[in-house]
Structures are given as structure tokens and as C-alpha cells.
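In the numbering used here, the protein residues as written are 7 to 293. Backbone N, C-alpha and C define an ideal beta-carbon position, used for all residues, glycine too.
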Amino acid sequence: MTRVPPVAGIAITHELMDGIELESDATVDWRGTTESAHPIVIRHEVGDVSTRRMTRVLDVPPWCTFHVDERGEPSSVFHAIFGEVNRLLSCETPGSRYVVRYGETPHTPIVALQSELTAFSFALAARGFGLIAHSCAFILPDGPAVLCPGVSGAGKTTLSRLLRDNAPAIDLLTDDRAIVTLEDRLTLWGSPWPGAARVAGSASAPLSAVMFIRHGHAVALREVSPRDAFRRILNSLSMPLWEPARCGRALEIVDAIVSRATLVEATYPPTADAARRVTRELARVLR
Numbered sequence: 007m008t009r010v011p012p013v014a015g016i017a018i019t020h021e022l023m024d025g026i027e028l029e030s031d032a033t034v035d036w037r038g039t040t041e042s043a044h045p046i047v048i049r050h051e052v053g054d055v056s057t058r059r060m061t062r063v064l065d066v067p068p069w070c071t072f073h074v075d076e077r078g079e080p081s082s083v084f085h086a087i088f089g090e091v092n093r094l095l096s097c098e099t100p101g102s103r104y105v106v107r108y109g110e111t112p113h114t115p116i117v118a119l120q121s122e123l124t125a126f127s128f129a130l131a132a133r134g135f136g137l138i139a140h141s142c143a144f145i146l147p148d149g150p151a152v153l154c155p156g157v158s159g160a161g162k163t164t165l166s167r168l169l170r171d172n173a174p175a176i177d178l179l180t181d182d183r184a185i186v187t188l189e190d191r192l193t194l195w196g197s198p199w200p201g202a203a204r205v206a207g208s209a210s211a212p213l214s215a216v217m218f219i220r221h222g223h224a225v226a227l228r229e230v231s232p233r234d235a236f237r238r239i240l241n242s243l244s245m246p247l248w249e250p251a252r253c254g255r256a257l258e259i260v261d262a263i264v265s266r267a268t269l270v271e272a273t274y275p276p277t278a279d280a281a282r283r284v285t286r287e288l289a290r291v292l293r
């Protein structure tokens, strides 16, 4: 059994059957958050990976294909594109228990990233609790948390590295995947699933701003409309498109983000001085 310290208050436990082992990521120092909700359990076993009683709903080539079972609960087939064993992640108890079945016994330790991210996304949707954002994220020195969403190549890793190396007063949460939750307030959390900069901060803070980033010749900050922000942020969020019935709550969370947070676009050259100037200007706007 392997336990991942809580992510946004939710611990993840891997139950390992049939001699299956998980590969450890020694490069990430994930300390976890305070546990505030019941955990997610992911059982790993060798078994049937067929989807004959399921309905295909979404392809994400070449990585995986999403299905729903007879209850309307999601499953994901992970394709063996790099020589891995074919595997199927499905739901046993919505929001709580998931199982990964491997078509044959893996001969090497399994990387848990796909299983954890997918099960966590399924559980967040089932609980109506939050969304995973493809983004970098940080907390400014006076407390506001900032989400910088974007697809690959937007500059999330570069900004994370510049702030990590040159702005020690800023608390970095992640360079790749943040968690946004909505209860009484919007909260931004780090995660144990970093990108190339290997940033995995365990802090959290109220979400105060969404900053879309792009490289340019000069430092500039401009306001973004809620309508424009809604359109731009959707591509960066783990919307439960495989579960149409649960998209309503996810859209409520997106609406809360664009209606409650300060929305800006930052243009800057990828230098240490420019990164510091952008965050100082954003802090001034938020005061």
C-alpha cells in the first residue's frame, strides 16, 4: 500500500495487488495539505480490461479513451503507446474508490501519474468540489493566490523558474497542475504533479487573480473581460466532458472563477527583472 499525502485536503491511497509496484518520484518533495475530506482509494490489479458493457464518450489521442459504464460513471482506457501494459481505470464507488486493471502483469514499476490524475479528476467531479487546472500558480507576499492557466508552450514553466530563482518572497504552488476548489470561497492549491520545473508546493490561499501570460518585448498588464477569460480558461481545466451530467457543477466553478477573481493578461520578456515587475504590478492592482 502506498499513500500520497493529501492533495487539496484529499489523501490518495494505492492498494497494490498481484505483485504490482509503483515507481517512486524522488525528485518531488510533496508534503501534502491538511486532510479535510475522505480519501480516494485506487486499487491496482491484473484483470479484464475490456469495455464491452461501456459506452465510448471521448477520445484523447493517442493517450486514452474515456467511457461511461451502465451507471453513467466514467472509465478510462490508457493506451500502451510507449510499450506499457494496456490498462483500464474504472469507478467502484463514485468520488471514493477506483480500480486500475492491467491486461497482464507489469514487469517494471508503474508510473502512477496517469492513474492519480484521472482518478482525482473523476473524484472531484463526483464530489462537485473542484477542478484541476493546467497552469502555474503562486501566492504573492501579501497573501493573494494567482492562477496562470495555459496550454503547453504558454510559458508556465519559464515563469515558474524565473520566480523560483529570483523572487524568494513568492510562494510557488506548481508549474503545471493546480487545484481550484469552490466551497464558501475559491481556493487555489498546489499538487504533487509538477512539470519540468519540478515545483510541487503544499500551500493554499484564496484565489484572487487569474493571469494569462504571453511573451513580448515589454512588460504590460491589461484587464481581461469575464467573457474572454471564460473562453480562454476552459481549455486549461479538467472539465468532466466524459460525464455531461456533472458538467453543470464544473461550469459553476468556472463562472465563480471569472466573476470573483481579478482577470488580467500579462505580457513580458522572459527575464528575471520582467517576472518580478509583473508580479509587483499585479500585487499593486490587487491591493
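Assumed close pair residue i, residue j - CB separation to whole angstroms, cut-off 8 angstroms
i, j, result
"LEU213", "ALA267", "6 angstroms"
"ILE239", "VAL260", "7 angstroms"
"ALA151", "LEU94", "Their Cβ separation, rounded to whole angstroms, is 36 angstroms, which puts ALA151 and LEU94 out of contact at 8 angstroms."
"PRO147", "ILE176", "7 angstroms"
"SER121", "ILE185", "So it is not a contact: roughly 17 angstroms between Cβ atoms."
C-alpha gap between residue i and residue j, whole angstroms
i, j, result
"ALA304", "ALA160", "Given that the chain is displayed from residue 7 to residue 293, the structure contains no residue 304 and the question cannot be resolved."
"ILE145", "GLU79", "35 angstroms"
"TRP36", "ALA139", "18 angstroms"
"ARG293", "SER197", "27 angstroms"
"ALA226", "LEU192", "26 angstroms"
"THR39", "VAL55", "34 angstroms"
"GLY134", "GLU98", "17 angstroms"
"ALA17", "SER127", "13 angstroms"
Limits of the alpha helix (DSSP H) - the one that residue i falls within
i, result
"ASP190", "Per DSSP, ASP190 belongs to no alpha helix (DSSP H) and is neither H nor E."
"ASP279", "278-292"
"THR57", "It is not in any alpha helix (DSSP H) - THR57 carries neither H nor E in the DSSP assignment."
First and last residue of the uninterrupted beta strand (DSSP E) at residue i
i, result
"GLY136", "136-145"
"ALA211", "210-221"
"LEU227", "226-229"
Where residue i falls, given that 16 or more other Cβ within 10 Å makes a residue buried
i, result
"HIS50", "buried"
"MET7", "exposed"
"ILE46", "buried"
"TRP69", "exposed"
Residues sharing a beta bridge with residue i, DSSP
i, result
"ASP177", "ILE145"
"ARG93", "PHE84 and TYR108"
"HIS20", "THR8 and ILE48"
"ILE116", "LEU28"
"GLU271", "PHE218 and ARG228"
Any non-hydrogen atom of the ligand ZN closer than 8 angstroms to residue i Cβ
i, result
"CYS253", "You won't find the ligand ZN in this model; it holds no ligand whatsoever."
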